[in-house]
Amino acid sequence: MSAILKDLKREFPEAETRLQFRNVFELLIATILSAQTTDEQVNTITRALFKQYNTPQEFAGLSPLELEPLINGCGLFRNKARSIIGASQMILERFGGQVPDSMEELMELPGVGRKTANVMLNVGFGKPGLAVDTHVQRVSRRLGFAENDNPEHTELILKSLIPVRQWGRAHHLFIWHGRAYCQAKKPKCHECPIAKRCPGRQT
DNA sequence: AACTCGGGGCA
DNA sequence: TGCCCAGAGTT
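Each residue of the first sequence is one higher than the one before, counting from -12 in the numbering used here.
Structure follows, in structure tokens:
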């Protein structure tokens, strides 16, 4: 694993989140919006959205019919609108207006599962967190680190193989690698910088 | 474990 | 036209 991370660091020296945000609440909204879509669409929508609303108080007071058109364009807009409003209300009424910074509390927020909670811990609060999304899951599977498609199990395996200080970096390296080379459909194994270390490579 | 939500992008 | 995309909740 350490050799793989070293090679990926050389390939992607600037690997980090592509989501644009100015505070943890904006990161939370952007991360909820990011489900099953691309980061570029999320950035466009988030930028426009936060020109109108900025605080949990403002989002908590919206109705779904008000918010849905504003986030249309990145899919799943009804679910995401309900999640954003519900999470804002819970942040306001239960967590004193502050986004919580523990796994347990984050996962109580509507629309926030284990992946989003880990992103908030790691990217938002600089705490230990390793988010397993579809990229991380697929890359881990092909590299032989994950033997099934249970993201929570993959998270535990990766955490056991990677020093805690590098969890965030490893998460982004796997994502960038998954986008650039290790795509789901037609992976570019012939150009892949770590193909020689990959038992799942295709010839 | 399977199903549903969903518009945009791309082959 | 068909299939996938920085997932989560329900059945």
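The C-beta atom is built at its ideal place from N, Cα and C for all residues, glycine as well.
Closest by CA to E3, which one among G155, P174, R166 and I71? Counting from one through the first sequence, the residue named residue 3 turns up at place 16. That would be G155, whose Cα lies nearest to the Cα of E3.
Taking 8 Å as the cut-off, does the stretch 114 to 126 touch the stretch 157 to 168 (at least 3 CB pairs, one atom from each stretch)? Touching, per the Cβ criterion.
Considering just the uninterrupted stretch of the alpha helix (DSSP H) at F161, what are its terminal residues? The sequence position of residue 161 within the first sequence is 174, counting from 1. F161 -> alpha helix (DSSP H) spans W154 to A167.
Quick check on A35: buried or exposed, where buried means 16 or more other Cβ atoms within 10 Å of its Cβ? Position 48 of the first sequence holds residue 35. Result: exposed.
Whole angstroms is fine: what's the gap from R188's alpha carbon to A157's? As a first step, residue 188 is located in the first sequence; it is residue number 201 there, counting from the start. As a first step, residue 157 is located in the first sequence; it is residue number 170 there, counting from the start. Each residue's alpha carbon lies about 20 Å from the other.
Report all residues from its chain with a CB closer than 7 Å to the CB of P87; omit the five preceding and five following residues, and keep chain order. Here residue 87 refers to the residue found at position 100 of the first sequence. If we look at P87 and ignore the five residues flanking it on each side, its Cβ neighbours are L93.
Runs of alpha helix (DSSP H) wholly within the stretch 83 to 158 (minimum 4 residues, chain order): 90 to 93, 101 to 106, 121 to 130 and 138 to 148
Contact the stretch 100 to 110 vs the stretch 25 to 43: 3+ CB pairs below 8 Å: no
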